[in-house]
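Asks: Sending over a structure as structure tokens; questions will come in a sec.
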Amino acid sequence: MAHTNDTLISPDQLEPTVQTALHVLAQLDAMLLGRPELHRLVLAAILARGHLLLEGVPGVGKTALVKALGQLMGLDFKRVQFTPDLMPGDILGTHILQENAGGGREMVFRSGPIFTNILLADEIN
């Protein structure tokens, strides 16, 4: 799809978003020291509605970074620990049989952690 001027945001509309992003970035840099370039790239991925793969040895702050970003942006955060016995329903959710108020039973969907703003899939091996 080609973009036209009708689909672009005017500079007046963009300025508050830029200021908010800069504020979030400054807060992130204050909370987690030492990786400002990584913070900028992670924030850019979130703002672009993209996906992000963070790789690194244990203890370098990947989980802390994602948690802090979610907290600063007011987004829901969930973490899934990938194990050999992890099933699709553990991520997506499942239907369970539940009693209703009338004494009958019905299938109710319990959503899994994939239904969140930020999902950290940990230890994908």
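Going by the numbering used here, 358 is the number at position 101 of the sequence shown; the sequence numbering is gapless.
Positions of the beta carbon are idealized from the N, C-alpha and C atoms, including for glycine.
Quick caveat: nothing in here was measured; it's all calculated off a predicted structure.
Runs of 3 residues minimum, wholly inside the segment 290-370: which ones carry the beta strand (DSSP E) assignment?
Replies: Correct list: 334-338, 350-356, 362-368.
Asks: Taking its Cβ as the centre, do 16 or more other Cβ atoms sit within 10 Å of L332, making it buried, or is it exposed?
Replies: Classification of L332: exposed, given that the 10 Å Cβ count is below 16.
Asks: Who pairs with A378 in a beta bridge, going by DSSP?
Replies: Its beta-bridge partners are V337.
Asks: Any idea if A325 is buried or exposed, counting beta-carbon neighbours within 10 angstroms, 16 or more meaning buried?
Replies: The residue in question, A325, is buried, as its Cβ has 16 or more Cβ neighbours within 10 Å.
Asks: If I follow the unbroken alpha helix (DSSP H) through A373, where does it start and stop?
Replies: Contrary to the premise, residue 373 reads as Thr rather than Ala in this sequence. First-last for T373: undefined, no H or E at that position.
Asks: Below 7 angstroms CB to CB, which residues in the same chain sit around E380 once its five sequence neighbours on both sides are set aside?
Replies: The answer, listed in chain order, is Q338, F339.
Asks: By the 10 Å Cβ neighbour count, where 16 or more other Cβ atoms means buried, how is H296 classified, buried or exposed?
Replies: So H296 ends up on the buried side.
Asks: Could you say which of L298, D269, G313 lies nearest to N382 if we only look at CA atoms?
Replies: Ranking the options by Cα distance to N382, first place goes to G313.
Asks: Specify the secondary structure class of L279 as computed by DSSP and reduced to three states.
Replies: In the structure shown, L279 sits in a helix (DSSP, three-state: H, G or I).
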